[in-house]
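Quick notes on the structure that follows.
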Amino acid sequence: MNQVANFTKGFIKENPVFVLLLGLCPTLAVTSSAFNGFGMGMATTFVLVCSNIVVNLIRSLIPNKVRIPSFIVIIASFVTIVEMVMEGFLPDLFSALGIFIPLIVVNCLVLGRAEGFASKQSFVSSVVDGLGMGLGFTFALTLLGAVREILGAGSIFGYKFIAGDGILVFILAPGAFIVLGYLIAILRRVK
Amino acid sequence: MEYFVIIIGAIFVSNIVLHQYLGICPFLGVSGKVNTAIGMSGAVLFVMTIATIVTWIIQKYVLVPYGITFLQTISFILVIASLVQLVEIILKKVSPPLYQALGIFLPLITTNCAIMGVALLTVAKPDFNLLKAVVFAISNAIGFALAMTLFAGLREHLDLMDVPKGMRGVPIALVVAGILAMAFMGFNGLVKV
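Going down the list, the protein sequences come from chains A and B. Under this note's numbering, the first residue of the first sequence carries the number 2, and numbering increases by one thereafter. Under this note's numbering, the first residue of the second sequence carries the number 2, and numbering increases by one thereafter.
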């Protein structure tokens, strides 16, 4: 498979959030600001790439019947690493993301790529796929976070450009659903 | 009174789907019809209650006393995954009609973040005893069922509407979910959570 196409498919054509609709819980929950969305995206990318690598390397050792539980254990180990590193070095981000860091384990995107791609394709393809999908996920989360932050707080990446408050509802739960709905619709139109 | 606050808080004020964003995948995935939404909610109620009891006991009597709370994520997901398998096997033997109703939804539940989310939320509350944990889990499951059924009912109507082309399907469903979440915001301040 062409590696360039394999890498870029995650951004628009097969974007995990806007097109495949995978991993929507963290997408909606942590994108109250662009930075939180970016942080969550990078954490997921790390887990995705590492689990893709390990799953690909040991795929021939795992009996077919227990492959899903084995994949989950591999993913959970990397999530624990992310949890510890983030708690140590980025405590603010860690408390902002809250339970959604351990919940990367049940993000259907990570398990979906391990099961659907890394356990079947070659090593290089798996790494590129994990990187592409992860960065596509990061792109979607940052975009959603940026739109919500601009509308809801009048700032971007914490830099305030409008005096006074924004439209608060966009930072709260309803705004997450509505902005994602419109972003998907716009992306469909663009395609 | 304490229990009343937990119940109202979990069902209405911080509704698990519309306020805490947990379990969005089944919320969007299987909410096409009211019947399937009820089936899924039943399976979630069942697994969520058992999973919360088991994970609460593990946290309290294994992870904390031995100082290995860093294994929380990995142990909880393993417990939930094996629990779902176990429930499936037992249900098949003990109650075939219930298995018929919930069976197809059970495998989907392992990756339903609502289950793991509620387990994590429960152990994060220091003042909870086992009874409170159970009440909390059941209330959350009822909140999930409420959001699912309301949304499924709305989506059945949406199918008959003349929606602009680009908005058809998921986008309009998300906007509707947003408006539903807005309605649930009206419960804010009912109890302090």
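Think of the CB as a built atom: it goes at the ideal place given N, C-alpha and C, for glycine as much as any other residue. Being a predicted model, the structure only gives us computed values, none of them experimental.
Which partner residues does Y183 (chain A) have in the DSSP bridge list? BP columns for Y183 (chain A) are empty, so no partner.
Are N3 (chain A) and T45 (chain A) close, meaning C-beta to C-beta below 9 Å? For N3 (chain A) and T45 (chain A), no; Cβs fall outside 9 Å.
Can you list the residues of chain B that S156 (chain A) reaches, using a CB-CB cut of under 8 Å? Contact of S156 (chain A) with chain B by beta-carbon distance below 8 Å is absent, the smallest such distance being about 22 Å.
If you measure from the beta carbon of L122 (chain B) to each beta carbon in chain A, is any gap under 9 Å? Cβ-Cβ to chain A under 9 Å: yes for L122 (chain B).
Is the separation between the beta-carbon of L104 (chain A) and that of C26 (chain B) shorter than 9 Å? It is not a contact, given that the beta carbons lie outside the stated cut-off.
Mind pulling the chain B residues with CB within less than 7 Å of V104 (chain A)? Before going further, note that residue 104 (chain A) is Leu rather than Val in the sequence given. Result: C114, M117, G118.
Using only CA atoms, which one of A:L169, A:V31, A:D166, A:F101 lies nearest to A141 (chain A)? Out of A:L169, A:V31, A:D166, A:F101, A:V31 has the C-alpha closest to the C-alpha of A141 (chain A).
DSSP beta-bridge partners for K34 (chain B)? K34 (chain B) is not bridged to any residue.
Who are the near neighbours of Y100 (chain B) in its chain, counting only those whose CB is closer than 6 Å to its CB and skipping five residues on each side? Only L92, K93 meet the Cβ criterion.
Output yes if chain B places a C-beta closer than 9 Å to the C-beta of L152 (chain A); else output no. Chain B, which has no Cβ nearer than 9 Å to the Cβ of L152 (chain A), makes this no.
Listing by chain order, which chain B residues have their CB less than 8 Å from the CB of S193 (chain A)? Limits of chain A in this structure are 2 at one end and 192 at the other, which puts residue 193 (chain A) out of reach.
Might you give, ordered along the chain, the residues of its own chain that have their beta carbon closer than 8 Å to the beta carbon of D163 (chain B), omitting 5 neighbours on each side? Excluding sequence neighbours, D163 (chain B) sits near nothing in its chain.
Inter-stretch contact (C-beta, 8 Å, three-pair minimum) for the segment 8–23 of chain A and the segment 136–150 of chain A: Under the three-pair Cβ rule at 8 Å, the segment 8–23 of chain A counts as touching the segment 136–150 of chain A.
According to DSSP, is K14 (chain A) part of a helix, a strand, or is it coil? Three-state result, K14 (chain A): coil.
Does DSSP put I172 (chain A) in a helix, in a strand, or in coil? I172 (chain A) falls in the coil class under three-state DSSP.
Quick one: give me the first and last residue of the alpha helix (DSSP H) that L58 (chain A) is part of. It spans 35–59 - the alpha helix (DSSP H) in which L58 (chain A) sits, taken as one unbroken run.
On a Cα-Cα basis, can you pick out the residue from B:S140, B:L181, B:I90 that is closest to A153 (chain B)? Nearest neighbour of A153 (chain B) by Cα position, chosen from B:S140, B:L181, B:I90, turns out to be B:L181.
Residues bridged to Y4 (chain B) [DSSP beta-bridge criterion]: Bridge partners of Y4 (chain B): none, in fact.
Would you say S83 (chain B) lies against chain A (beta-carbon separation less than 9 Å)? Using beta-carbon distances, S83 (chain B) counts as an interface residue toward chain A, with a partner under 9 Å.
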